[in-house]
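In my numbering, the protein residues as written are 11 to 81. Beta carbons are placed, not taken as given, at the ideal position from N, Cα and C, and that holds for glycine.
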(Lines of atoms letter the chains of each structure in order from A and count residues from 1; the text may use other names and numbers.)
(Lines give C-alpha, C1' and ligand atoms only; values in the text may rest on other atoms or scores of the structure.)
Protein backbone atom coordinates (compact mmCIF):
# COMPACT_ATOMS: atom_id res chain seq x y z
CA UNK A 1 0.00 0.00 0.00
CA UNK A 2 1.21 3.52 -0.80
CA UNK A 3 0.83 6.20 1.85
CA UNK A 4 1.08 9.90 0.96
CA UNK A 5 2.85 11.93 3.67
CA UNK A 6 2.10 15.64 3.27
CA UNK A 7 3.95 18.39 5.11
CA UNK A 8 4.99 21.94 4.26
CA UNK A 9 8.69 21.10 4.51
CA UNK A 10 10.68 17.97 3.62
CA UNK A 11 13.65 18.67 5.86
CA UNK A 12 14.07 18.80 9.63
CA UNK A 13 12.83 22.26 10.52
CA UNK A 14 10.85 21.49 13.68
CA UNK A 15 8.67 19.02 15.54
CA UNK A 16 6.17 18.52 12.74
CA UNK A 17 8.88 17.50 10.30
CA UNK A 18 10.57 15.27 12.86
CA UNK A 19 7.24 13.47 13.38
CA UNK A 20 6.69 13.05 9.62
CA UNK A 21 10.18 11.57 9.13
CA UNK A 22 9.81 9.24 12.13
CA UNK A 23 6.37 8.06 11.07
CA UNK A 24 7.58 7.53 7.49
CA UNK A 25 10.46 5.39 8.74
CA UNK A 26 8.12 3.28 10.89
CA UNK A 27 5.69 2.82 8.01
CA UNK A 28 8.50 1.72 5.66
CA UNK A 29 9.73 -0.76 8.27
CA UNK A 30 6.18 -2.16 8.41
CA UNK A 31 6.27 -2.72 4.64
CA UNK A 32 4.39 0.31 3.34
CA UNK A 33 5.57 2.52 0.50
CA UNK A 34 5.68 6.13 1.71
CA UNK A 35 5.41 8.95 -0.82
CA UNK A 36 6.35 12.42 0.46
CA UNK A 37 4.77 15.67 -0.73
CA UNK A 38 5.93 19.14 0.30
CA UNK A 39 7.02 22.48 -1.09
CA UNK A 40 10.09 22.57 -3.28
CA UNK A 41 13.05 23.88 -1.27
CA UNK A 42 16.82 23.66 -1.59
CA UNK A 43 17.00 22.28 1.97
CA UNK A 44 14.74 19.28 1.24
CA UNK A 45 15.95 15.75 1.72
CA UNK A 46 16.65 13.97 -1.56
CA UNK A 47 13.70 11.96 -2.87
CA UNK A 48 12.67 10.74 -6.32
CA UNK A 49 9.28 12.36 -5.65
CA UNK A 50 10.65 15.91 -5.36
CA UNK A 51 9.76 16.59 -9.00
CA UNK A 52 6.10 16.51 -7.89
CA UNK A 53 6.55 18.98 -5.03
CA UNK A 54 4.70 22.30 -5.25
CA UNK A 55 6.47 25.58 -5.74
CA UNK A 56 7.19 27.53 -2.53
CA UNK A 57 4.18 29.33 -1.07
CA UNK A 58 4.30 32.04 1.57
CA UNK A 59 1.35 32.06 3.93
CA UNK A 60 2.26 35.37 5.56
CA UNK A 61 -0.13 37.37 3.35
CA UNK A 62 -2.48 34.51 2.60
CA UNK A 63 -5.70 35.44 0.81
CA UNK A 64 -8.28 32.71 0.23
CA UNK A 65 -9.26 34.31 -3.10
CA UNK A 66 -5.77 33.58 -4.46
CA UNK A 67 -5.69 29.89 -3.55
CA UNK A 68 -6.56 28.84 -7.11
CA UNK A 69 -3.45 30.57 -8.43
CA UNK A 70 -1.45 27.74 -6.84
CA UNK A 71 -2.76 25.26 -9.40
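Under 8 Å between C-beta atoms of residue i and residue j
| i | j | result |
| --- | --- | --- |
| residue 42 | residue 11 | yes |
| residue 16 | residue 44 | no |
Per-residue burial, residue i [other beta carbons within 10 Å of its own, 16 or more giving buried]
| i | result |
| --- | --- |
| residue 48 | buried |
| residue 20 | buried |
| residue 66 | exposed |
Cβ neighbours of residue i in the same chain (closer than 7 Å, five flanking residues each side left out)
| i | result |
| --- | --- |
| residue 18 | 48, 49 |
| residue 37 | 13, 44 |
| residue 54 | 20, 21, 48, 60 |
Cβ neighbours of residue i in the same chain (closer than 6 Å, five flanking residues each side left out)
| i | result |
| --- | --- |
| residue 30 | 15, 17 |
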